[in-house]
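**Q**
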Amino acid sequence: KVFSGNVYGVQLPGVEGSFEILQNHAPMVAALGEGKMKILKDKTTNETYNISGGFVETLNNKTTVLLEGAESVSY
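If you're matching positions, the sequence shown starts at 105 in our numbering and goes up one per residue.
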């Protein structure tokens, strides 16, 4: 498990381009490509991970991300 908790949003690398999921996002399932996943804990704090692909599902203000691999990025 990389992260579990309440967040402001998440930025993800989709196979067709990057996108962001915020509160009240429409239900969806999407494939993820290789790139950076940014967990937005609030409007100023985030955690960033390099991911190698996976899938994301969002439904009723809950988002689940299944990843093939993730590595924390330190700045």
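By construction, the Cβ of each residue, glycine as well, lies at the ideal position given by its N, Cα and C atoms.
Quick check on the DSSP output: the beta strand (DSSP E) that includes Tyr112 runs from which residue to which?
**A** It is not in any beta strand (DSSP E) - Tyr112 carries neither H nor E in the DSSP assignment.
**Q** Using DSSP bridges, identify the partner residues of Ala174.
**A** DSSP lists Ile155 as partners of Ala174.
**Q** Are the CB atoms of Leu116 and Val169 nearer to each other than 9 Å?
**A** In contact: Leu116 and Val169 (Cβ atoms closer than 9 Å).
**Q** If we ignore side chains and look at the alpha-carbon of each, how far apart do Ser156 and Val119 end up?
**A** For Ser156 and Val119, the distance between alpha carbons rounds to 11 Å.
**Q** Within the same chain, show all residues whose beta-carbon is closer than 7 Å to that of Phe107, passing over the 5 residues directly before and after it, in chain order.
**A** The answer, listed in chain order, is Ile143, Glu151.
**Q** Under three-state DSSP, which class holds Lys145?
**A** It is coil, neither helix nor strand.
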